[in-house]
Amino acid sequence: MGGTIKMAGPTGGSGPDIAGGDRVNMAFIALIVAVATIGGFMFGYDSGVINGTQDGLEAAFNLSALGTGFNVGAILLGCAVGAFIAGRLADAIGRRTVMQIAAGLFIVSAFWAGAADTSAHFIIARFIGGLGVGAASVLSPAYISEVTPASIRGRLSSVQQIMIITGLTGAFVANYALARTAGGSTAEFWLGFPAWRWMFWLQVIPAAVYLVALLVIPESPRFLVVKKKDAQAEAVLSKLFGAGTGARKVQEIRASLAADHKPKFADLLDPATKKVRPIVWAGLILAVFQQLVGINIVFYYGAVLWQSVGFSENDALQINILSGVLSIAACLAAISVIDRIGRKPLLLIGSAGMFVTLATVAWCFSKAALIDGSLHLDDNTGLIALIAANAYVVFFNFSWGPVMWVMLGEMFPNQMRGSALAVAGFAQWIANFAISVSFPWMAATLGLIVTYGFYAVSALISFFLVQAWVKETRGRELEDMTG
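The number in our numbering is simply the position in the sequence shown, starting from 1, with 1435 added.
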């Protein structure tokens, strides 16, 4: 990392040569990325498990449409708080330590949500899970960006999005299997409990794996340098990049921090103008518009959405799985090009593609007929809606899905990274909460045409905001990032 990395394939557990003769230890980097991104898997699983449990929640807690939205969205308030706290807490006690706390919160939330006997208990349990999701959402990509070479940082950080989607898909598959085995999400599955409760309890397994796996990876070397633990930082960096590069990199990090002070939120303001730095506005744009395009409506309410226009519960759950598989494929495609064509072009492609596909979905819903109080699409229009919705998912996961997390993890200067991540992560989850909680009400009151039209317009606006505010970060060292 102290010089130019020549991208050659890894050999015998080592990676490409670094200027000075050292070689990247790709086996160790792969281990770190694999463990850190289990947080992304839990992020996806904990977020997606709600999709398919709404019937059980409504029956158990006698929920209204707004009540359903709040029970679904409760996790997102926790996510906002977790993301806001995590960045600064990680600056104080370490990236790995905070991820370990998040893993513990996942376990507590899974047990409690499945056992909840009231809506209030369920909301509290999901809020606790949200604290873990919020922390993992900002710290996993930040941690990965701090231990990987600049030339392949985008690809490795993008693994986070693949794991998020894998977690979502895992939740969809588990929900489908439980509902199918039990005969429905509200039917009894095992030990007298309905299937929807087991959908939450299954989360304990990957959460426990995450907690144990975190014990085998090191703390971030940049955090160690900040805490004046240079010897430990050099040991980690030497294991990652070789002894010569490790020693040199410690000096580079130390130099980048030498003129700085203890991180604080005031770092987000330009000292000359006292206004919010442009880089912070760029981060907020990425964080908020990733949610305003409505992606989590597909992942949180997909089963309900497709049932509302005539699909059976079984078919709707299968469509969820299809969306998850396509999402993974799109993320893999993004990984293959993100370090070659850059972050900004992918964002622009995604914004344009999402606008067209969301507008198509809105048009399809305009053709729906009201039969016995429920919307129904004819076969041809239903097929177009299904194709457009899944094309939208592909465009999102080829662009804004992975790229936003990559950029938030790498775009901010060292001094303000924790504070900026806190603010951007908080904004991202508040936007997620607003979109998710408002969907049942918007769909019932304004209709699906207006609702999806709003998401389409947001995608169009995001195209122009990216053009104006976002700067390319491909290939730049973290120590070279400026505000």
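Ideal Cβ placement from N, Cα and C applies to all residues, glycine included.
Backbone secondary structure at residue i - three-state DSSP
i	result
R1458	strand
G1715	According to the sequence displayed, residue 1715 carries Val and not Gly. In the structure shown, V1715 sits in a helix (DSSP, three-state: H, G or I).
L1703	helix
P1848	coil
P1629	strand
E1654	coil
E1581	coil
N1497	coil
Q1638	coil
K1710	coil
S1620	coil
T1908	coil
G1853	helix
V1728	coil
D1813	coil
G1604	According to the sequence as given, residue 1604 is Thr; it is not Gly. Here T1604 sits in helix by DSSP.
Q1832	Residue 1832 is actually Asn in this sequence, not Gln. In this structure, N1832 counts as helix in the three-state DSSP scheme.
K1662	coil
T1503	helix
T1488	coil
T1680	helix
T1880	helix
Residue i - containing beta strand (DSSP E), residue span
i	result
F1624	1623–1625
Alpha helix (DSSP H) segment containing residue i, residue limits
i	result
E1845	1835–1845
D1481	1473–1483
R1778	1778–1801
K1674	1665–1676
I1896	1883–1904
V1533	1530–1550
Contact check, residue i vs residue j, beta carbons under 8 angstroms
i	j	result
L1703	A1527	no
W1904	A1717	yes
I1730	F1607	no
A1435	F1868	Limits of the chain in this structure are 1436 at one end and 1918 at the other, which puts residue 1435 out of reach.
L1675	I1754	no
M1598	T1488	no
L1843	P1576	yes
Q1638	Q1725	no
A1660	R1689	Just to set this straight, residue 1660 is Val in the shown sequence, not Ala. Their beta carbons are under 8 angstroms apart, which means V1660 touches R1689 by this criterion.
L1470	I1640	It is Val, not Leu, that sits at residue 1470 in the sequence shown. Not a contact, by the Cβ cut-off of 8 angstroms.
R1530	L1574	yes
G1920	A1525	Outside the displayed span of the chain (1436 to 1918) sits residue 1920, for which this structure offers no information.
D1490	T1621	yes
L1719	F1898	no
G1539	L1646	yes
Cβ shell of residue i (< 6 angstroms), same chain only, five flanking positions each side left out
i	result
G1605	Y1480
A1857	F1519, G1522, R1523
S1893	L1727, V1728
L1466	none
G1406	This structure cannot speak to residue 1406, because the chain is shown only from 1436 to 1918.
I1732	F1874
V1543	I1563
I1770	R1590, S1593
L1781	S1834, V1838
Cutoff 7 angstroms; reference residue i; Cβ partners in own chain excluding five residues on either side
i	result
G1517	G1565, L1566, G1567, V1568, G1569, A1570
N1825	L1757, S1758, L1761
I1763	I1597, I1600, T1601, T1604
S1483	Checking the sequence, you will find Gly at residue 1483 rather than Ser. Same-chain partners within the cutoff: G1602, L1603, A1606, F1607, F1734.
I1884	A1797, F1800, S1801
A1823	T1792, T1795, V1796, C1799
D1705	R1712
A1648	V1470, I1473
L1613	F1624, A1630, W1633, M1634
8 angstroms Cβ shell around residue i - same chain, five flanking residues per side excluded
i	result
G1456	Model confidence at G1456 stands at a pLDDT of 47, short of 50, so the residue's coordinates are unreliable and nothing is read from them.
I1579	I1467, V1468, A1471, T1472, R1588, L1591, S1592, V1594, Q1595, G1844
Proximity test, Cβ basis, 8 angstroms: residue i and chain B
i	result
F1607	The chain inventory of the structure shown lacks chain B, comprising one protein chain alone.
**Study point:** Meets three-Cβ-pair contact criterion under 8 angstroms: the stretch 1823–1838 and the stretch 1488–1495
**Key:** Not touching, per the Cβ criterion.
Review point. Does the stretch 1505–1513 come close enough to the stretch 1616–1630 that 3 or more CB-CB pairs lie under 8 angstroms?
Key: The stretch 1616–1630 is not in contact with the stretch 1505–1513.
Review point. Are three or more beta carbon pairs between the stretch 1551–1559 and the stretch 1878–1892 nearer than 8 angstroms?
Key: Output reads no: the stretch 1878–1892 does not touch the stretch 1551–1559.
Review point. With contact counted as at least three CB pairs below 8 angstroms, one residue from each stretch, are the stretch 1782–1795 and the stretch 1822–1831 in contact?
Key: Touching, yes, given that three or more Cβ pairs across the two stretches are closer than 8 angstroms.
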